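Numbering (our numbering), first residue to last: 550 to 965.
Each residue gets a CB set at the ideal place from its N, CA and C atoms; glycine is no exception.
In this text, all values refer to a predicted model and were calculated from it rather than measured experimentally.
The structure appears below as structure tokens.
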């Protein structure tokens, strides 16, 4: 019988974990702290081994204590005893049985210190904070997967207010904030403080300046959902905080954020063009959840209303976060597109067969007409045209297909 916690909300990753357990001897779930990894693992496992101080002492005596129990067996926060990766790989090699272990970790160890990647033995799964579909804030009546089939969609009318969108970004996709009892700002400030003051040291024992670490996070927040370069991040820190971080420091701190699963990338899309336009190759940078950026920027509801330009980027981040979750559960890849003439698609979804769809993200319904016209014009430049064009809109009252074929979908109607 699974260890499913009471009140567990099903996650889209559940199916992915099940599939991996049928294909690998062990599965590693990797994501930021507090995104729900342990609960998702318990939903699949029948026994568990927590790396408490007492259990860490047991491991030094005999590592087999970690493996004794009904399978699938959860080994939580395994990175606190990094050699467990090699031990699990060796244990998996001893038996052809699939689905024996689930490893959970909020950080990854330095790849250079791994003797073996675990290829063929340990399947790795990235996990993100919850999408609006998973939290119940989207009814999912428009499926990203089905958009590739060019359906004739229509939904009932729903009023979506700016206040509601701001609240959704403010709360984010953290399972622990869904009941509405906690103050997101208070919780996320503490999360960020611990990230800067403790986690950045615990990951490898190297001392880092919490103030400089926080400055980099703020710069990433100011540049959320953009193709900002590392050099531009440095300039932004100098201009905004009057202090410089050297190239090596930015590289080091950014590497820590990646290993803590706090930073993820949306790569640039490349496909055949009829034109000779220079295509950008820089990835968009995203913090693990748009709520972190909102907290780092010190925005509350009124602050977001007073600065809709900044909130527009945070709303785009929310949509791209959800698209990433939906893509991963379908086996798709998420990109963005920008050429040398300033033409762009905010998001590009590509299937394994290389068919793709283009998406623009707009906060206001009044922006849809212009966005659709630009998408149609840009799509004509591709020798391999997109399977669909879609505008994800914050305040659109209904999902529908325009006469020109462009879909308009409220983010609160989108699902996998």
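Residue 569: not part of any beta strand (DSSP E); member of the alpha helix (DSSP H) spanning 562 to 570, first to last residue. In the structure shown, the three-state DSSP call for residue 727 is coil. In the structure shown, the three-state DSSP call for residue 588 is helix.
In the structure shown, the three-state DSSP call for residue 636 is helix. With a contact defined as Cβ atoms closer than 8 Å, residue 752 and residue 673 miss out at about 18 Å. Boundaries cannot be given for residue 933, as no beta strand (DSSP E) includes it and DSSP labels it neither H nor E. Pairing residue 870 with residue 682 gives a Cβ-Cβ distance that is not under 8 Å.
Secondary structure of residue 881 (DSSP, three-state): coil.
The alpha carbon of residue 877 has as its nearest neighbour, out of 633, 675, 630, the alpha carbon of 675.
Taking all protein chains shown into account, residue 887 has 16 or more neighbouring C-beta atoms within 10 Å of its C-beta and is therefore buried. Shown here for residue 800: same chain residues with a beta carbon closer than 8 Å to its own, the five before and five after excluded, namely 779 in chain order.
Judged by DSSP in its simplified three-state form, residue 792 adopts coil rather than helix or strand. With contacts defined as CB atoms closer than 8 Å, residue 838 and residue 721 qualify as a contacting pair. Contact between the segment 692 to 703 and the segment 895 to 910 is present, with at least three C-beta pairs closer than 8 Å.
For residue 622, the enclosing beta strand (DSSP E) stretches over residues 622 to 625. In this structure, residue 946 sits away from residue 692, with a CB-CB distance that is not shorter than 8 Å. Between residue 912 and residue 925, the gap from beta carbon to beta carbon reaches 8 Å or more.
Comparing alpha carbon positions, the residue from 880, 854, 895 closest to residue 829 is 895. If you check the CB distance, residue 589 and residue 563 come in under 8 Å.
Here residue 703 carries a strand assignment [DSSP, helix/strand/coil].
Cβ atoms of residue 714 and residue 861 stay farther apart than 8 Å, at about 10 Å. Within the segment 846 to 914, the runs of beta strand (DSSP E) at least 3 residues long that lie entirely inside it are, in chain order, 882 to 887, 893 to 899, 905 to 911. By the 16-neighbour rule on beta-carbons within 10 angstroms, residue 890 is exposed.
Annotation for residue 866: 773, 774, 835, 839, 842 place their beta carbon closer than 7 Å to its own, counting only its chain and skipping 5 residues before and after. In this structure residue 670 is in contact with residue 638, their Cβ atoms being roughly 5 Å apart against a cut-off of 8 Å. Annotated three-state conformation of residue 612 is helix, per DSSP. Under the three-pair Cβ rule at 8 Å, the segment 753 to 769 counts as touching the segment 802 to 821.
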